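First comes the structure, then the notes that go with it.
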Amino acid sequence: MKSGIAEVLEVHEKGRRDTLIPILQEIQEKEGYLSEEAVVEVGKHLDIPSSRIYGVATFYNQFRFQPTGRYHIQVCRGTACHVLGSATVLEHLEKLLHIKAGQTTRDGLFSMEIVACIGACGLAPVINVNGEFHAQVDAEKVAAIMEEYRKREETL
C-alpha cells in the first residue's frame, strides 16, 4: 500500500516547483501534518532543499509539523472574540490541557491552535473542536466541554 505522500507526489510532475504549496496542502490533508519524511520526499521530487521547503511551510500558518490530537481545538482570536474574552479562554485551555497552541497532549487526545477568525463573531468567544462550534465560551464552559470530550473517549 502506498503512503499518502507517494500518492500525492505521483500525480504531480517532477521538478515543477510551482506545485510546492499545493503538494504540501494535499499531503497535510492526507497525513494530518507535514512530517520530516514528507518534507524530504517533496524536496527530492521537486529538486528543492528541505530547508527551503521548511522556510516556505513555516511562513504560512496553515501548515503543521506535528500530528493533531483526536480532538483538534481551534481558538478564535478575532476582534469580537478577543473583546469578549478569548485570551482568558486560551489561557484556561492551556492550563487544563497542559499544552500551548500548536502542541498536542501527550496522550494524543487534544491539540490546539489559534486562528485569526472563525467567522462566527455573533457567537463570540467561540472555539471549534473537530468542526463542532462552541459559542459564548468562558473558563467554566471550556472545562465542561473538555470533560465532555474526555467522556466521549471513554465510551469508545
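Our numbering runs 20 ahead of the 1-based position in the sequence shown. By construction, the Cβ of each residue, glycine as well, lies at the ideal position given by its N, Cα and C atoms. Computed from a prediction, not measured in an experiment: that's the story for all the values here.
- request: Give every residue of the same chain whose Cβ lies closer than 8 Å to the Cβ of Leu-40, excluding the five residues on either side of it in the sequence, and list them in chain order.
  value: Taking the first residue of the sequence shown as position 1, residue 40 is located at position 20. Excluding positions up to five away in sequence, the list reads Val-62, Leu-66, Ile-68, Ile-73 and Val-76.
task: Grab me the residues of Met-21's own chain with a C-beta within less than 7 Å of its C-beta, minus the 5 sequence neighbours each way, in chain order.
output: The residue labelled residue 21 in the question sits at position 1 within the sequence shown. Low per-residue confidence applies at Met-21: pLDDT is 43, beneath 50, and the placement is therefore not dependable, though the value from the model is reported in the following sentence. Correct list: empty, nothing qualifies.
message: Across the stretch 117 to 136 and the stretch 92 to 99, are there enough close Cβ pairs to call them in contact, namely three or more that are closer than 8 Å?
response: yes
task: Pick out whichever of Asp-158, Glu-173 and Gln-86 has its Cα sitting closest to the Cα of Ala-121.
output: On the sequence shown, residue 121 is found 101 positions in, with the first residue counted as 1. Checking every option, the nearest Cα to that of Ala-121 belongs to Gln-86.
- prompt: What residue range is occupied by the uninterrupted alpha helix (DSSP H) comprising Phe-79?
  reply: In the sequence shown, the residue the question calls residue 79 occupies position 59. Residues 70 to 79.
- prompt: For Tyr-91, which beta-bridge partners are listed by DSSP?
  reply: As a position in the sequence shown, residue 91 is number 71, starting the count at 1. DSSP lists Phe-130 as partners of Tyr-91.
message: If I measure Cβ to Cβ from Ile-43 and keep anything under 8 Å in the same chain, skipping five residues before and after, which residues do I get?
response: As a first step, residue 43 must be located in the sequence shown, where it is residue number 23. Excluding positions up to five away in sequence, the list reads Val-28, Leu-29, His-32, Val-62, His-65 and Leu-66.
message: Going by DSSP in three states, Met-21 sits in which element: helix, strand or coil?
response: To locate residue 21, count along the sequence shown from 1; it is residue 1. In this predicted model, Met-21 has a pLDDT of only 43, less than 50, meaning its place in the structure is not dependable; the value taken from the coordinates is given anyway. Correct three-state label for Met-21: coil.
- prompt: Who pairs with Phe-153 in a beta bridge, going by DSSP?
  reply: Within the sequence shown, the letter at position 133 stands for residue 153. Answer by DSSP bridge pairing, in chain order: Asn-148.
query: Would Val-103 pass as a contact of Ala-159 if the rule is Cβ separation under 8 Å?
result: Residue 103 sits at position 83 when you count from the first residue of the sequence shown. Residue 159 sits at position 139 when you count from the first residue of the sequence shown. No. Outside cutoff.
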